[in-house]
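In what follows, a single structure is set out as structure tokens and then discussed.
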């Protein structure tokens, strides 16, 4: 194992910490959308401080697969269908001692054999640019997704939509103290007439965080945030603030984790029916952990409760998620994966909704360039909340080939 100086080891730890939910290319979800999100969660932020210079790296993969679903429209009628899916994705990464650059993109097309009107294309792209010095770092990230398929309890229905997330970040490191200023600015536009414009929104969150290193590579944190939700339709806007405290860091070489808990206070514009503003105080928490008990087994857990946008009479909603990823390299050519996701959405004015998805995967490498991919999965959603769509259950089976360059 190569040895690292203190600064280099801090970079490696930081990169591992930021990528605590990345590199899950094996334990992939039931849809291409969740596949891509799992792979790129850690790529949306880079490590603090000077980076280790490395040559440019590029990758390209493409795939073709057969997919069967017993509920193509995700409704009570449960009409089954098959589809042929083609996809391609690529990435490029370059790092010097002061500059970090990364971009990734993916496109896919699903052609249904019977419900041809439901055939659709999806596109996703990520761009990250960072500049760092011995005690500071600046970073800009942008993620745009044009999608149709559900990915969580917030985007729980088959609905054409565009979501853009812009995330600027700055940090100053005066050991043992670190000060971070981050923002998350999201625009969501649904392009299906079925949803109208009531859910289209601009939402943002800006956070100031103070971290203190109390042990090598382990910090305690405190942060304050302001957040807001502005809608393009008649849904009342809302604003608020949040306060949290937490910890983050590495416990040994096999476990990287972060956890925080606090409160969120929100106030919405006057409601259309009552004419009174809405007020709410919510618990907010999040926790992430990546554990590698052996070189062949990786476990990742992500739990959290966050405030998200609503619709109709609900200016905001509380989304709770528990996500578990596992991957096991059984042999040099066979990798097994498992993914479990349990979500709950509690809108301000409406009934709660649940979304559960379970999937397994098996990948068999036929050569360095060709891999067989097999994935059965199941997902279900509870009764309708905002959109008027009902509960559904859905079994999917995906079988395909992956070609790597």
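Residue numbers (our numbering): 9 to 413. A virtual CB, placed ideally from N, CA and C, is assigned to each residue, including glycine. Bear in mind that the values here come from a model prediction, so they are computed numbers and not experimental data.
Residue 300 is positioned such that its CB atom lies closer than 9 Å to that of residue 263. Note on geometry: alpha-carbon atoms of residue 222 and residue 232 lie some 20 Å from one another. Looking at the DSSP output, residue 332 sits in a beta bridge with 309 and 348. According to the DSSP secondary-structure assignment, residue 106 is paired through a beta bridge with no residue. Residue 277 places its beta carbon 9 Å or farther from that of residue 322.
Put simply, of 353, 369 and 378 the residue whose alpha carbon is nearest the alpha carbon of residue 362 is 353. When DSSP states are grouped into helix, strand and coil, residue 89 belongs to the strand group. As the crow flies, the alpha-carbon of residue 152 is around 31 Å from that of residue 336. Between residue 318 and residue 355 a beta carbon distance of about 5 Å is seen, short of the 8 Å cut, so the two are scored as contacting. About 7 Å separates the beta carbon of residue 80 from that of residue 120, a gap short enough to meet the 8 Å contact definition. Residue 342 has its alpha-carbon roughly 6 Å from the corresponding atom of residue 371. In the DSSP assignment, residue 45 is bridged to no other residue. About 11 Å separates the Cβ atoms of residue 146 and residue 188, ruling out a contact at the 8 Å cut-off.
Residue 379 and residue 90 have their C-alpha atoms spaced approximately 22 Å apart. For residue 181, the enclosing beta strand (DSSP E) has its first and last residue at 169-182. Between the C-alpha atoms of residue 373 and residue 69 there is a straight-line separation of about 14 Å.
Residue 157 is classed as buried because its beta carbon has at least 16 other beta carbons within 10 Å across all chains shown. A direct Cα-Cα distance of roughly 14 Å separates residue 328 from residue 309. Looking at 399, 227, 131 and 360, the one whose alpha-carbon comes closest to that of residue 183 is 227. Straight across, the Cα-Cα distance linking residue 76 with residue 88 is about 8 Å. Around the CB of residue 105, fewer than 16 other CB atoms lie within 10 Å, so the residue is classed as exposed.
Around the Cβ of residue 254, a 10 Å sphere holds 16 or more other Cβ atoms; the residue is buried. DSSP, read as helix, strand or coil, puts residue 296 in strand. Residue 279 has its alpha-carbon roughly 38 Å from the corresponding atom of residue 125.
Pairing residue 210 with residue 234 gives a Cβ-Cβ distance that is not under 9 Å. Here residue 124 carries a helix assignment [DSSP, helix/strand/coil].
Non-local beta-carbon contacts of residue 168 in its own chain, meaning distances under 6 Å to residues more than five positions away in sequence, involve 156, 199 and 200 in chain order. The beta carbon of residue 215 sits closer than 6 Å to the beta carbons of 190, 231 and 233 from its chain, once the five residues preceding and following it are set aside; these are given in chain order. A straight-line Cα-Cα distance of about 43 Å links residue 364 and residue 143. Nearest neighbour of residue 261 by Cα position, chosen from 294, 245, 268 and 298, turns out to be 298.
Distance check between residue 251 and each of 219, 148, 241 and 270 places 270 closest, using alpha-carbon atoms only.
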